[in-house]
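In order, the protein sequence lines correspond to chains C and D.
Counting from 1, one number per residue, gives the positions in the first sequence under my numbering.
Counting from 1001, one number per residue, gives the positions in the second sequence under my numbering.
Below is one structure; the comments refer to it alone.
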Amino acid sequence: MFTVTPSQNLYYLRPGQNRLQTVLSVQVDKTNPGTKARLAVGIVLDRSGSMEGKKIQAAREGAIKVLHALDEETTFVVVSFNELAQVLYGPAPGTKEHKRRAIAAVQAVQAGRGTCMSTALNAAVDALGQDQTRASKILFLTDGKNESEARQVLAQAVQRCAQAQISVHAWGVGTDWDAAELRHIADVTYGSADIIPTPQQIEAAFLAAFSQIRQTTITNARLVLWSPVGVALKEMQQVFPRIMVLGWEQDPTNAQQKIVSLGTFAAGEQRDYLLELEVPVAASGQQFLMLRPGTRYFTAGLGEQEEKSARQQWVFAEWTENLALAAQLDSQVAHYTHQEELSQAILAGQEALAAGDRSRATKLLGLALEISQRTGNEQMTKLLGNLVQRDSNGTLRLNPEADAVARQTLAIHAGRTTRLL
Amino acid sequence: MVCAHCQASNMDGTAFCEACGAPMLALAPAAPPTSAGTTNGAGQTIMLVVVSPAGEMRVPFSGQELLCGRRDERLRIYPEIALDDPAASRRHLALFSQSGQLYVQDLESGNGTKLNQVPIASGVPIEVHHNDVLSIGEHVTIRVEMM
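Below is the structure:
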């Protein structure tokens, strides 16, 4: 079902070198996609005062479209929130009668008061619970910042979603929301975050996401990383399709294995992960096995599964006195290191812009543009091109006509990467 | 089967030692790791003088490879020489010794590295000498002293 491929099987290290970086590509078989997972779907709508008018109307219509698309196998819950969360309907299976009642409840939602996102996420987690046999997803819509509660309170609710293996697909409608807040919700829960510039686009965004969610075939996917005694996993992050720092746990059944949660996968889906290992230095001329990856996951057709890897999927290291050999850089590691630099330059540039430091913002966003062009990240090049431009003398300048949509689109998409072809 | 490298017991048919990762073939016990020690081939002590807006820091080169870059708590990247400069990459360059000589290798950093004001090729080890100066980012220099 899964194929795990390292960017290189063998790394040559200089004498004394004790670090090794590799990229693991994890892909679900396209030709044997397996049975589609049963779903648990939470629809969570902001009903704070700022949603009044076209936004709340479009949110209601978008939610109703998704409710119509649910099948009887799917469990759903609908929650609206301002400073308090209200479970409008559910949890219930997506039968005609339950959907009819839920739609009636959604149609009655009115906007007013402040925004406490944690209340909504906690209510959705309470309703959906934890069920590794289902792909549990929350469609989360807001138009503002989480102003009515401490950031820590939201972080705790997001962590509860992650622990219950519920992914949150978060959208900011308009431009008054906080990109860092939504990206945090998405990153911690293996979800996604995006902008919906106008209320008219809510329905299309909801339906596209729901259509994608329906392709899920694997739930509770985990990478199992075996290494020899003395090898330490120092860092791991997802680097494609977007950059996310990942944590890991010790495998209770094997002291030499780490377990990394990956969330859910759809048929054919591919993600890349950058790992850094600290390795015990050995003498030159001897190869050592350093990493043996495997997977564990759950599918509707087969239940809990474990897949071991073959030798061509393992990572080896050899120390060498040959300087030219040891100097070779892994092209995929280099590529994703640049994508990380790009993401950081964008975020720092946006911070400078928000702080009114236009000179620093120009410099950092210009650097980001240069990296995105050089590494072939066309999406980021286009988004950055909306904010910074070169004048006829070749000098970088902030685009005076850049609007809030351009800034927020770049902010929410920072960290999206391209693969090295 | 006993691993010739670490002497750990392994099940018959094991291809690589389950303790140290070495191939389960007949091989001589490995020699201890080589190290250039604290001196270069001419017996000189190597000192790296890092100058940044935060001040001057003297780092003795022990022979172990040194990573220079921007510290990042979030990504758990802790270079031996941490550079407080936003234009420095997290893994900017490595300093290492080979056959008694000191080398620098730019690790495909975003903004590159200069040696004595001249940009160096990324990914290529370059020998450095007494009084050579590496420039990183906007504000940081590393001067090599061999005494």
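For each residue, glycine too, the CB sits at the ideal point set by N, CA and C.
Short CB-CB distance (under 7 Å) between residue i and chain D
i: residue 158 of chain C; result: no
i: residue 255 of chain C; result: no
i: residue 114 of chain C; result: no
i: residue 288 of chain C; result: yes
i: residue 17 of chain C; result: yes
i: residue 252 of chain C; result: no
i: residue 327 of chain C; result: yes
i: residue 228 of chain C; result: yes
i: residue 318 of chain C; result: no
For residue i, the three-state DSSP class (helix, strand or coil)
i: residue 240 of chain C; result: strand
i: residue 1106 of chain D; result: strand
i: residue 424 of chain C; result: For chain C, the structure presents residues 1 to 421; residue 424 of chain C sits outside this window and is missing.
i: residue 169 of chain C; result: strand
i: residue 1035 of chain D; result: Caution is warranted here: a pLDDT of 34 is assigned to residue 1035 of chain D, below 50, making its placement in the model unreliable, and the coordinate value is therefore given only provisionally. In the structure shown, residue 1035 of chain D sits in coil (DSSP, three-state: anything other than H, G, I, E or B).
i: residue 287 of chain C; result: strand
i: residue 406 of chain C; result: helix
i: residue 1016 of chain D; result: strand
i: residue 214 of chain C; result: coil
i: residue 1120 of chain D; result: coil
i: residue 1 of chain C; result: coil
i: residue 1114 of chain D; result: strand
i: residue 49 of chain C; result: helix
i: residue 145 of chain C; result: coil
i: residue 7 of chain C; result: coil
i: residue 1061 of chain D; result: coil
i: residue 368 of chain C; result: helix
i: residue 1146 of chain D; result: strand
i: residue 30 of chain C; result: coil
i: residue 299 of chain C; result: strand
Enclosing beta strand (DSSP E) for residue i [first to last residue]
i: residue 1091 of chain D; result: From DSSP, residue 1091 of chain D is part of no beta strand (DSSP E); its letter is neither H nor E.
i: residue 304 of chain C; result: 303-307
i: residue 1054 of chain D; result: Segment: none, residue 1054 of chain D is in no beta strand (DSSP E) and carries neither H nor E.
i: residue 160 of chain C; result: Residue 160 of chain C -> not in any beta strand (DSSP E); alpha helix (DSSP H) instead, spanning 151-163.
i: residue 88 of chain C; result: 85-93
i: residue 260 of chain C; result: 257-266
i: residue 40 of chain C; result: 38-46
i: residue 350 of chain C; result: No beta strand (DSSP E) holds residue 350 of chain C; the alpha helix (DSSP H) holding it covers 331-354.
i: residue 379 of chain C; result: Per DSSP, residue 379 of chain C belongs to no beta strand (DSSP E); it is in the alpha helix (DSSP H), 378-385.
i: residue 273 of chain C; result: 270-278
Beta-carbon proximity of residue i to residue j, cut-off 7 Å
i: residue 257 of chain C; j: residue 226 of chain C; result: yes
i: residue 333 of chain C; j: residue 21 of chain C; result: yes
i: residue 167 of chain C; j: residue 129 of chain C; result: no
i: residue 1067 of chain D; j: residue 1094 of chain D; result: yes
i: residue 1008 of chain D; j: residue 1022 of chain D; result: no
i: residue 415 of chain C; j: residue 243 of chain C; result: yes
i: residue 50 of chain C; j: residue 194 of chain C; result: no
i: residue 16 of chain C; j: residue 1065 of chain D; result: yes
i: residue 398 of chain C; j: residue 405 of chain C; result: no
i: residue 1090 of chain D; j: residue 1110 of chain D; result: no
i: residue 1105 of chain D; j: residue 1086 of chain D; result: no
i: residue 65 of chain C; j: residue 173 of chain C; result: no
i: residue 417 of chain C; j: residue 240 of chain C; result: yes
Min CB distance residue i to chain C below 7 Å
i: residue 1022 of chain D; result: yes
i: residue 1055 of chain D; result: no
i: residue 1061 of chain D; result: no
i: residue 1066 of chain D; result: no
i: residue 1069 of chain D; result: no
i: residue 1112 of chain D; result: no
i: residue 1019 of chain D; result: yes
i: residue 1029 of chain D; result: Reliability of the predicted coordinates at residue 1029 of chain D is poor, the pLDDT of 38 falling under 50, and no value is obtained from them.
i: residue 1101 of chain D; result: no
i: residue 1108 of chain D; result: yes
i: residue 1079 of chain D; result: no
i: residue 1033 of chain D; result: Low confidence applies to residue 1033 of chain D: its pLDDT is 37, below 50, so where it sits in the model is not reliable enough to give any reading.
Continuous alpha helix (DSSP H) stretch holding residue i: start and end
i: residue 96 of chain C; result: 96-107
i: residue 60 of chain C; result: 54-69
i: residue 190 of chain C; result: It is not in any alpha helix (DSSP H) - residue 190 of chain C carries neither H nor E in the DSSP assignment.
i: residue 317 of chain C; result: Counting along the chain, residue 317 of chain C falls outside any alpha helix (DSSP H), though it belongs to the beta strand (DSSP E) covering 315-319.
i: residue 1134 of chain D; result: Premise fails: residue 1134 of chain D lies in the beta strand (DSSP E), 1133-1136, not in any alpha helix (DSSP H).
i: residue 13 of chain C; result: Here residue 13 of chain C belongs to no alpha helix (DSSP H); instead the beta strand (DSSP E) covers 10-13.
i: residue 325 of chain C; result: 323-327
Please confirm if the stretch 206-218 of chain C is in contact with the stretch 233-252 of chain C, defined as three or more CB-CB distances below 8 Å between the two stretches.
No, the stretch 206-218 of chain C does not touch the stretch 233-252 of chain C.
Under 8 Å: do the stretch 219-239 of chain C and the stretch 285-298 of chain C share three or more Cβ pairs, one atom per stretch?
Counting Cβ pairs under 8 Å, three or more are found: they touch.
For the pair the stretch 28-39 of chain C and the stretch 169-183 of chain C, tell me if three or more CB-CB distances fall below 8 Å.
As far as the Cβ criterion goes, the stretch 28-39 of chain C does not touch the stretch 169-183 of chain C, which means the pair count is below three.
Three CB pairs or more closer than 8 Å across the stretch 310-321 of chain C and the stretch 352-366 of chain C:
Counting Cβ pairs under 8 Å, fewer than three are found: no touch.
For the stretch 1057-1064 of chain D against the stretch 1094-1113 of chain D, do three or more pairs of beta-carbon atoms, one drawn from each stretch, fall closer than 8 Å, so that the two count as touching?
They touch, by the three-pair rule.
Contact the stretch 273-289 of chain C vs the stretch 225-241 of chain C: 3+ CB pairs below 8 Å
They touch, by the three-pair rule.
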